[in-house]
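These notes concern the structure reproduced below.
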Amino acid sequence: MNQLWMAAFTYAATLVLLAQALSLMYRTIKAPNFSAGILMVLGAYTGYISTKIYGMPLFLSFPLAFITASAASLATYLLVIKPLTHRGRSPVLITIATIGVMITGEALIGILTIWIRNTFHFAPTSIFLWEYDFKIGALSGVFLVSSLIALTSALILRYLLNHTTLGDSSQPYYGLKNWLLAGGLAGLAGVLMVIRFHVTSIAGSYIMASVFAACLLGGIDNPKGAVMGGLIVGVSEIMVTTLGQDFIGVWFGDWRFIVPLSIMVLVLRFKPDGILGVENPVMEGYNIKWMVGRRSIVLFGILLIAGASFVVACSYNRVQAQNGLIAQFADYDIIVAERNRTIASINVGNLTLFKAKLIQDNITTVYVEPYDSSSDFFTFYYPWRHWYFRTDVWLEYTGICQYRVRN
C-alpha cells in the first residue's frame, strides 16, 4: 500500500471518530454541533505538548487526549448546552452557541500557543508529530493504529448503544454520558491527526465540513453510519484532491472542501436521511433505495459532464503551458536531470536574464530538473566551472483553466 492510500485511510479514520462524536452529540441536542472540531484540536495539542515538550511516550498521549477532550466536552454540555435545552431554546440557537464554543476554543488554543512560545522559546504556527511515527514493514504505524482505533470504537459503540443504557434517552445522565464519550473520541482523532498531518489552532473549523458530510452520508443520528460515512468522505477527499492537483494544478489543494460540500449537497438532495439513517431498516439497517426524479438525474448528469469537461480543459491547458515554457529553449539541447545538491548554485534572476546568460557564456545545453504533467515548478540550470547557474520558473493559475509563466 503506497503512502497516498495510507494517508487517505488515516484521514478517513479520524473522520470516523469525529463523525461518531458528532452523532452522539446530535442524539442529545437534535441540532448541528460545531464544537467537535475544537475538541479534536484540543486532543492534538494535548498529544503534542505531552510528547514533544514533556517527553512522554507517544502511547500515553492517547488516554491523556481522551480525558482532556472528554472534560472539555462535559464542560461544554453543562455550561452551554444543558442550560439552553432546559429553557427550550430552538436548534438554531443551540447551533449558534456551539459556533461560539468553537470560536472561543480557537482563541484559547491561540493563547496556549503564546504560552508555548514564552515558556519554551519556540512558536509553532502548526504542530505535527511525524518523527514519532513508526513502520511495520511497508505500513506506517499511524495507519495501523488509526485503523485499529476506528474499528474498535465502532464495535464498542455498537455494543454500548444496543446493550447498555447509553442508547436510552430516558435514562438519567443520558446527555452526560454521550458528551463524555463524544469528547474522548474527538480527542483520539486529534492525536491521530497530529501524527500524520499538520494541525493549527483553527484546524477544527476546516475539518467540520468533512465531518458533517460523513454524518449526513451515514445518517446524522446513527453512530454506526458514521463509520461508512467517514470512510467514504475521507478517502474521497484525499484521492480527489490529489488527482485534482495532478491533472489541474497544485492550487486545487486549496479547494479540497469542494469534495465534502458536494457530498452534502448530493445527500441532502437525494437521500436526506443518509444511508443508515432510516426508521425502518432493511437488511440490518441498509436502505439503498434512492428516490430520484428524472429532472434530478438529468441535472446530475449535466453537472457531471461539466465537471469532467472542466478537469480535461484544465489538464490540457496546463500541459500546453508546460510545452510553451520548454519551447523557449528550442535552440538548445534539453536534458532532464537532477542537480548535484553538493554543488552551489546561483540564481541569475528571471527567465530573460537566464537566456541572456546562456548567450553570454556560449552555452548549447540546458538542463531542467525532472518534471511531469502535474508539475507547476521548474528549475532550469547549466554547469559553469565550480557551480550552477539557474532560474526557477512556475506556472501561475490565472483563472478559468488558464496558466502563465512566472519567475
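In the numbering used here, each residue carries its 1-based index in the sequence shown increased by 1. Where a beta carbon is used, it is the ideal one built from N, C-alpha and C, also for glycine. Being a predicted model, the structure only gives us computed values, none of them experimental.
Tell me where the alpha helix (DSSP H) around residue i begins and ends.
| i | result |
| --- | --- |
| N163 | G142 to H164 |
| P64 | L59 to T77 |
| P224 | P224 to F248 |
| I276 | Unbroken run through I276: none, as it is neither H nor E. |
| P371 | Per DSSP, P371 belongs to no alpha helix (DSSP H) and is neither H nor E. |
| P33 | Neither: P33 is in no alpha helix (DSSP H) and is coded neither H nor E. |
| F271 | I259 to F271 |
Could you give the C-beta distance for residue i and residue j, rounded to a whole number, given that I count them as a contact under 8 angstroms?
| i | j | result |
| --- | --- | --- |
| C216 | A204 | The pair is not a contact, with the Cβ atoms about 18 angstroms apart (cut-off 8 angstroms). |
| L75 | G184 | 7 angstroms |
| L18 | S154 | 6 angstroms |
| Y39 | T86 | One point to set straight first is that residue 39 is Ile, not Tyr, in the sequence displayed. Actually they do not touch by this definition, with Cβ atoms about 20 angstroms apart. |
| V93 | T77 | Not quite, the Cβ-Cβ distance comes to about 18 angstroms (not below 8 angstroms), so this is no contact. |
| A345 | W385 | Contact doesn't hold; Cβ gap of about 11 angstroms is too wide. |
| F248 | S316 | 4 angstroms |
| E370 | R340 | 6 angstroms |
According to DSSP, what are the bridge partners of residue i?
| i | result |
| --- | --- |
| L396 | V406 |
| D334 | T366 |
| Y383 | F390 |
| S206 | DSSP lists no partner for S206. |
| F378 | W395 |
| S346 | Y389 |
Grab me the residues of residue i's own chain with a C-beta within less than 6 angstroms of its C-beta, minus the 5 sequence neighbours each way, in chain order.
| i | result |
| --- | --- |
| A322 | L396 and Y404 |
| S71 | L181, G184 and G185 |
| S147 | T11, A14 and L193 |
| L244 | none |
| S36 | T77, T99, V102 and M103 |
| P1 | Nothing about residue 1 can be read from this structure; the chain reaches only from 2 to 408. |
| I208 | G38 |
| G106 | I39 |
Run through DSSP, which three-state label would residue i get?
| i | result |
| --- | --- |
| R90 | coil |
| N351 | coil |
| T201 | coil |
| K136 | strand |
| S127 | coil |
| N3 | coil |
| R319 | helix |
| I221 | coil |
| N324 | helix |
| E339 | coil |
| G56 | coil |
| Q21 | helix |
| Q329 | coil |
Suppose the cutoff is 7 angstroms on Cβ atoms and the five residues either side in sequence are ignored; what does the same chain contact list for residue i look like?
| i | result |
| --- | --- |
| V234 | L16, S211, A214, A215, L218, P261 and I264 |
| G254 | T242 and Q246 |
| L189 | L18, G44, F63, A66, F67 and I150 |
| Y372 | F379 |
| F390 | I347, V349, K358, Y382 and Y383 |
| A8 | R197 and I239 |
| L145 | I137 |
| S171 | Reliability fails at S171, whose pLDDT of 46 lies under 50, so the model's placement of it is uncertain and the value that follows must be treated cautiously. Result list for S171: empty, nothing under 7 angstroms. |
Give a yes or no on whether the minimum CB-CB distance between residue i and chain B is below 9 angstroms.
| i | result |
| --- | --- |
| V337 | Among the chains of the structure shown, chain B does not appear; only one protein chain is present. |
Got a sec? Which residues, its chain only, sit under 8 angstroms from residue i by beta carbon, not counting five neighbours each side?
| i | result |
| --- | --- |
| A128 | Reading off the sequence shown, one finds Ile at residue 128, where the question assumed Ala. Once the five neighbours on either side are set aside, the close Cβ partners of I128 are A45, Y46, Y49, K53, V195, H199, V200 and T201. |
| N179 | L25, M26, R28, T29 and L167 |
| T392 | N348, V349, G350, N351, L352, L354, F355, T380, F381, Y382 and N408 |
| S237 | V260 and I264 |
| F121 | I54 |
| M284 | Only weak support exists for where M284 lies, its pLDDT of 33 falling under 50; the coordinates are left without a value. |
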